[in-house]
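Visitor: One structure follows; several queries about it will come next.
Numbering (the working numbering), first residue to last: 965 to 1304.
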């Protein structure tokens, strides 16, 4: 068989990862802002003895690392999108970066909490006026970062090719293997990498507010214990974020099944005909807004894989689908197709 004829059934597994997204450039801008402010806050926090400033600076340092991982994920995924070594594309590069960043955030949170506890037990003098000025400036930088990333966070469009692999295995007929290609547009889809960066700087802005509150309380009420206390609060915020990211990223890396609601929808769409039953269903995430699925159907009146693919595509978007169809005969064991 001629190679050019086979091209009809071949396709790329880039799933849109080869496109340079607007969020990539914006992320680099925010990295520059965040890293600059991080150096200022850590330096002034040490000089003026403000644990809240130091904690905020360390918080920004952790998010600078996370933002750097986000930027790296954008670049690496785009440059290696067509590398055939990646069976389902490079979408999980973003997830792996998020998992690594979550571990680093947990370490930073522990350091912040430890240093704050030491300052709480052994208070040091604070130059409130200078520290407040720096904290306000940090809040402005964080607010600008939120604005920069927020512009794309709410309007990110994701365009990629979706491919279904339809395997019909009907016991009375030869095996049929059909590939179909089509292009679909996804509007208002979230770029998870960009969303992660957005949440980083948003958390930084909230931590800056805590620092300002602690410094004002210490200056006007003499409650210098508020400064390390806000450092502990900041550490808790970072720890909670890191735990949440660890959970969500590890679920993708381990090919955990998607939400039960999506699987239920798929099952319902595929079983609209009372003669069809889904006996095996696996749906997992292979990249940002990219899902793969394998579906096995047993039917008294089996249709072509394309029929089931079309039925499914009318209701839900899956990017890499393998469908296997088996024929059920009256002579087979009774009750195979009965609902549980």
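No residue lacks a Cβ here, since even glycine has one placed at the ideal position from N, Cα and C.
Model, not experiment: these values are computed from the prediction.
If you reduce the DSSP assignment to three classes, tell me which class residue 1240 lands in.
Guide: In this structure, residue 1240 counts as strand in the three-state DSSP scheme.
Visitor: What residue range does the alpha helix (DSSP H) around residue 1003 cover?
Guide: Note, residue 1003: alpha helix (DSSP H), 986–1012.
Visitor: Give the straight-line distance between the Cα atoms of residue 1007 and residue 1041, rounded to the nearest whole angstrom.
Guide: Their backbone Cα atoms lie some 35 Å apart in a straight line.
Visitor: Given a threshold of 16 other Cβ atoms within 10 Å of its Cβ, counted over all protein chains shown, does residue 984 qualify as buried or as exposed?
Guide: Result: exposed.
Visitor: Would you report the Cα separation of residue 1101 and residue 1181, rounded to the nearest angstrom?
Guide: Each residue's alpha carbon lies about 18 Å from the other.
Visitor: With H, G and I counted as helix, E and B as strand and the rest as coil, what does DSSP make of residue 1054?
Guide: Note: residue 1054 maps to coil in three-state DSSP.
Visitor: Just curious, the beta strand (DSSP E) that residue 1222 is in, first and last residue?
Guide: Segment: none, residue 1222 is in no beta strand (DSSP E) and carries neither H nor E.
Visitor: Would you check if the distance between the CB atom of residue 1279 and the CB atom of residue 1233 is smaller than 8 Å?
Guide: Yes, the pair counts as a contact, with Cβ atoms nearer than the cut-off.
Visitor: Looking at residue 1195 and residue 1076, is the spacing between their C-beta atoms short of 8 Å?
Guide: Cβ distance < 8 Å, so residue 1076 and residue 1195 count as in contact.
Visitor: Between the alpha carbons of residue 1168 and residue 1189, how many angstroms are there, rounded?
Guide: Using only the alpha carbons, I get a separation of about 21 Å.
Visitor: In whole angstroms, what separates the C-alpha of residue 1070 from that of residue 1202?
Guide: Going by the C-alpha atoms only, they are around 7 Å apart.
Visitor: Whole angstroms are fine: how far does the CA of residue 992 sit from the CA of residue 1039?
Guide: Those two C-alpha atoms are separated by around 11 Å.
Visitor: Would you mind giving the Cβ-Cβ distance between residue 1031 and residue 1057, rounded to the nearest angstrom? I have them listed as a contact below 8 Å.
Guide: Incorrect: roughly 15 Å between the Cβ atoms, too far for contact.
Visitor: When you compare the region 1103–1112 with the region 1010–1018, are there three or more beta-carbon pairs, one atom per stretch, that lie closer than 8 Å?
Guide: The answer is no - the region 1010–1018 does not touch the region 1103–1112, with fewer than three Cβ pairs under 8 Å.
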